[in-house]
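Worksheet for the structure shown next.
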Amino acid sequence: MAMITPTHLMRLVAGVWGFKTLAVGVELGLFTRLAGGRTVTVEQAAAEFGLADRPADLLLAASASLGLLEKAGDGYRNSALAEQFLVEGRPYYFGAQVRYSDLRTYLPWHRIGEALRTDRPLTWDPQTQQSMFDTTDPEMLAQFWDAMYSTSSFTAGALADAYDFSAHHRLLDVGGGAGAFPIEFCRRLPGLRATVLDLPHVCARAEERIAAAGLTERIGTLPGDFLADPALPGGHDVILLSMILHDWDEPTNRALLARCHAALPPGGAVVVCELLLNDERTGPPEAALMGMNMLVETEGGRNYSGAEYAAWLADAGFVDVRTVPFDAPGANGAVVARRA
1 MAMITPTHLM RLVAGVWGFK TLAVGVELGL FTRLAGGRTV TVEQAAAEFG LADRPADLLL
61 AASASLGLLE KAGDGYRNSA LAEQFLVEGR PYYFGAQVRY SDLRTYLPWH RIGEALRTDR
121 PLTWDPQTQQ SMFDTTDPEM LAQFWDAMYS TSSFTAGALA DAYDFSAHHR LLDVGGGAGA
181 FPIEFCRRLP GLRATVLDLP HVCARAEERI AAAGLTERIG TLPGDFLADP ALPGGHDVIL
241 LSMILHDWDE PTNRALLARC HAALPPGGAV VVCELLLNDE RTGPPEAALM GMNMLVETEG
301 GRNYSGAEYA AWLADAGFVD VRTVPFDAPG ANGAVVARRA
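The numbering of the sequence shown is full-length UniProt numbering, which starts it at 1 and goes up by one.
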């Protein structure tokens with residue numbers, strides 16, 4: 001029998017070191033400056049970033065150890081991962097998610113014990129705000145929606161590869177944020193039209209993204225509150241709930257799924273795209289730890305299993321419930337169901 005050692009525990013301890021190395025690289029613009037195969041030595045990086053040689057050497061070596069850079073002779077260049085996802089302006093730029101997490105959620109996580117004891121979020125105050133989106137800080141909101149778009153764009157592509165949206169003609173993206181999912185879908189499917197339903201100020205951001213993608217004629221926005229409005233808009237044959245239901249408690253989610261059922265025509269589909277826990281609720285870590293993040297960020301949110309979503313969908317009247325797995329930063333699967 002192999003001896004048990006604390007090495008795994010040390011890797012958990014060092015996890016934050018890896019994240020902060022990634023975060024400071026994004027903050028400095030390291031990966032953007034190395035775009036296109038550019039290589040820098042330690043001395044060149046020190047001069048360019050205003051660092052002494054020792055910290056420049058440590059940053060480059062640590063970034064290489066994490067798979068963000070690779071050694072090329074005496075210098076360092078972007079790895080394929082960094083070149084694709086950490087260079088500003090690339091289609092699936094992920095740096096916005098890194099920056100938001102670093103600036104918005106990292107410090108509150110230091111007080112996770114407080115969240116466990118009080119069952120209250122740490123990033124906003126429920127006594128003075130209706131939700132985390134009820135804020136007068138436009139910079140924070142901009143960071144949040146940029147982060148969500150960063151994560152959602154690639155996730156949308158992975159979902160489109162896993163589930164055939166070509167069978168549908170009109171998509172309603174409930175809580176669709178800046179429109180990453182319908183933009184990705186409509187780029188792939190010329191016959192698809194879509195509507196983003198979200199709060200008025202969020203719709204304004206979506207309209208900017210949609211216009212930049214040249215899809216204004218096919219993707220519209222509808223200001224509303226999917227939690228408070230008595231009904232969802234009709235006229236769509238597929239409803240997407242992507243990275244939405246983990247923000248809320250079970251009664252809220254069941255009520256929303258019932259409104260989805262009422263809004264769909266016979267044969268219409270609902271797609272719940274999430275980081276799904278396994279049925280035993282023992283992992284995977286991405287889903288379970290996102291659940292812990294919901295303790296930091298929300299009043300009642302948590303990550304749920306595919307079996308839980310399937311039961312709620314069946315209770316709402318949906319049939320042919322199935323789970324479609326895939327791999328993406330924002331979700332690892334979608335639970336799909338049809339209105340009979």
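Here a beta-carbon is modelled for each residue, glycine too, at the ideal position from N, C-alpha and C.
Since the structure is predicted, the reported quantities are computational estimates derived from the model, not experimental observations.
Item checked: N- and C-terminal bounds of the alpha helix (DSSP H) containing D198 -> Working through the sequence shown from its first residue, we reach residue 198 at position 198. Going by DSSP, D198 is part of no alpha helix (DSSP H) but of the beta strand (DSSP E) stretching over R193 to D198.
Contained beta strand (DSSP E) runs [length at least 3] in the segment 134–175, N- to C-terminal order: 170–174
(message) Does M148 pass the burial test, meaning 16 or more other C-beta atoms within 10 Å, or should it be called exposed?
(response) What you label residue 148 is simply residue 148 of the sequence shown in a count that begins at 1. Looking at its Cβ environment, which holds 16 or more other Cβ atoms inside 10 Å, M148 is buried.
Check your understanding: How many angstroms separate the CA atom of T123 from the CA atom of R99?
Key -> As a position in the sequence shown, residue 123 is number 123, starting the count at 1. As a position in the sequence shown, residue 99 is number 99, starting the count at 1. Distance between the alpha carbons of T123 and R99 is about 15 Å.
Exercise for review: Below 8 Å on the Cβ atoms is my guess for G25 versus S79; work out the distance and round it to an integer in Å.
Suggested key: Numbered from 1 along the sequence shown, position 25 holds the residue referred to as residue 25. Numbered from 1 along the sequence shown, position 79 holds the residue referred to as residue 79. Rounded, the Cβ-Cβ distance is 12 Å, inconsistent with contact.
Throw me the rounded Cβ distance for the I244 and I219 pair, which I believe falls under 8 Å. Position 244 of the sequence shown, counting from 1, holds the residue named residue 244. Position 219 of the sequence shown, counting from 1, holds the residue named residue 219. Their Cβ separation, rounded to whole angstroms, is 18 Å, which puts I244 and I219 out of contact at 8 Å.
With DSSP collapsed to three states, give me the class of L12. Position 12 of the sequence shown, counted from the first residue, corresponds to residue 12. It is helical.
ask   = So D229 is in the alpha helix (DSSP H); what residue range does that whole segment cover?
value = Locating residue 229 in the sequence shown gives position 229, where the first residue counts as 1. Taken as a continuous stretch (DSSP letters only), D229 belongs to no alpha helix (DSSP H), as it is neither H nor E.
query: Is the CB-CB distance between A314 and V321 below 8 Å?
result: For the purposes of this step, residue 314 is taken as residue 314 along the sequence shown, with counting starting at 1. For the purposes of this step, residue 321 is taken as residue 321 along the sequence shown, with counting starting at 1. Contact flag set, yes.
Can you tell me where the alpha helix (DSSP H) holding D279 begins and where it ends? Along the sequence shown, one-based indexing puts residue 279 at 279. Looking at the DSSP string, D279 is not in any alpha helix (DSSP H), and its letter there is neither H nor E.
Original post:
So is W17 buried or exposed if we call it buried at 16+ other beta carbons inside 10 Å?
Top reply: Stepping through the sequence shown from its first residue, residue 17 is reached at position 17. Classification for W17: exposed.
### Span of the alpha helix (DSSP H) around I239
Residue mapping note: residue 239 aligns to position 239 of the sequence shown, counting from 1. Segment V238 to S242 is the beta strand (DSSP E) holding I239; no alpha helix (DSSP H) there.
Margin query: If contact is defined by three or more beta carbon pairs under 8 Å, each pair taking one atom from either stretch, is the segment 286–296 in contact with the segment 256–268?
Written below: no
*asked:* Counting C-beta neighbours from all protein chains within 10 Å, is the total for Q143 16 or more, i.e. buried, or is it exposed?
replied: For the purposes of this step, residue 143 is taken as the residue at position 143 of the sequence shown. The residue in question, Q143, is buried, as its Cβ has 16 or more Cβ neighbours within 10 Å.
Can the beta-carbon of R339 be found closer than 8 Å to that of G268? Here residue 339 corresponds to residue number 339 of the sequence shown, with the count starting at 1. Here residue 268 corresponds to residue number 268 of the sequence shown, with the count starting at 1. Closer than 8 Å, so yes.
Discussion item. In this structure, how does DSSP classify E286 when only helix, strand and coil are distinguished?
Written reply: Residue mapping note: residue 286 aligns to position 286 of the sequence shown, counting from 1. The answer is helix: DSSP assigns E286 an H, G or I state.
**Study point:** Simplified DSSP assignment, three categories, for F49
**Key:** By one-based count along the sequence shown, residue 49 stands at place 49. In the structure shown, F49 sits in a helix (DSSP, three-state: H, G or I).
Endpoints, beta strand (DSSP E) assigned at Y76
Stepping through the sequence shown from its first residue, residue 76 is reached at position 76. Counting along the chain, the beta strand (DSSP E) containing Y76 begins and ends at G75 to N78.
- Beta-bridge partners of K71, as assigned by DSSP: Here residue 71 is taken as the residue at index 71 of the sequence shown, counted from 1. The partner list for K71 (beta bridge, DSSP) reads Y76.
Three-state secondary structure assigned by DSSP to L313 | Locating residue 313 in the sequence shown gives position 313, counting from the first residue. It is helical.
Mark L241 as exposed unless 16 or more other C-beta atoms lie within 10 angstroms of its C-beta, in which case mark it buried.
Numbered from its first residue, the sequence shown carries residue 241 at position 241. Buried, since its Cβ has 16 or more Cβ neighbours within 10 Å.
*Note down the Cα distance separating D119 from E83, rounded to an integer number of angstroms.*
Start at 1 with the first residue of the sequence shown, and residue 119 comes out as number 119. Start at 1 with the first residue of the sequence shown, and residue 83 comes out as number 83. Distance between the alpha carbons of D119 and E83: 40 Å.
Let me make sure I understand the geometry here. Which of L30, G37, A35 and G36 has the alpha-carbon closest to that of A47?
Within the sequence shown, residue 47 is the residue found at index 47, counting from 1. For A47, the closest alpha carbon among the candidates L30, G37, A35 and G36 is that of L30.
- Query: What separation, rounded to the nearest whole angstrom, lies between the Cα atoms of E88 and T105?
  - Reply: Against the sequence shown, residue 88 aligns to sequence position 88. Against the sequence shown, residue 105 aligns to sequence position 105. Using only the alpha carbons, I get a separation of about 22 Å.
Query raised in the report: To the nearest angstrom, how far is it from the Cα of V296 to the Cα of D74?
Result: By 1-based counting over the sequence shown, the position of residue 296 is 296. By 1-based counting over the sequence shown, the position of residue 74 is 74. Here the alpha carbons of D74 and V296 stand approximately 43 Å from one another.
- Query: Roughly how many angstroms separate the alpha carbons of S261 and E139, rounded to a whole number?
  - Reply: Residue mapping note: residue 261 aligns to position 261 of the sequence shown, counting from 1. Residue mapping note: residue 139 aligns to position 139 of the sequence shown, counting from 1. It should be pointed out that residue 261 corresponds to His in this sequence rather than to Ser. Distance between the alpha carbons of H261 and E139: 36 Å.
When burial is assigned at 16 or more other CB atoms within 10 Å of the CB, is H110 buried or exposed? Residue 110 sits at position 110 when you count from the first residue of the sequence shown. H110 should be labelled exposed.
_Assuming the contact rule is C-beta atoms closer than 8 Å, H169 and L192 should be a hit. Round their C-beta distance to whole Å, please._
In the sequence shown, residue 169 corresponds to position 169, counting from 1. In the sequence shown, residue 192 corresponds to position 192, counting from 1. Rounded, the Cβ-Cβ distance is 7 Å, consistent with contact.
Buried versus exposed, by CB contacts within 10 Å (16 or more), M294: Taking the first residue of the sequence shown as position 1, residue 294 is located at position 294. The residue in question, M294, is buried, as its Cβ has 16 or more Cβ neighbours within 10 Å.
Check: Between the Cα of L34 and the Cα atoms of G67, P266 and L86, which residue gives the shortest distance?
Finding: Locating residue 34 in the sequence shown gives position 34, counting from the first residue. Among G67, P266 and L86, the Cα nearest to that of L34 belongs to L86.
- Mapping DSSP to helix, strand and coil, what is A334? As a first step, residue 334 is located in the sequence shown; it is residue number 334 there, counting from the start. Looking at A334 - three-state DSSP - the assignment turns out to be strand.
| Would a C-beta distance cut-off of 8 Å place G179 and A206 closer than the cut-off? | The residue you call residue 179 lines up with position 179 of the sequence shown. The residue you call residue 206 lines up with position 206 of the sequence shown. With contacts defined as CB atoms closer than 8 Å, G179 and A206 qualify as a contacting pair.
Burial state of A316, where buried means 16 or more other Cβ atoms lie within 10 Å: For this step, residue 316 is matched to residue 316 along the sequence shown. With 16 or more other Cβ atoms within 10 Å, it is buried.
Would you identify the three-state DSSP class for V26, choosing helix, strand or coil? Within the sequence shown, residue 26 is the residue found at index 26, counting from 1. Of the three classes helix, strand and coil, the one that applies to V26 here is helix, per DSSP.
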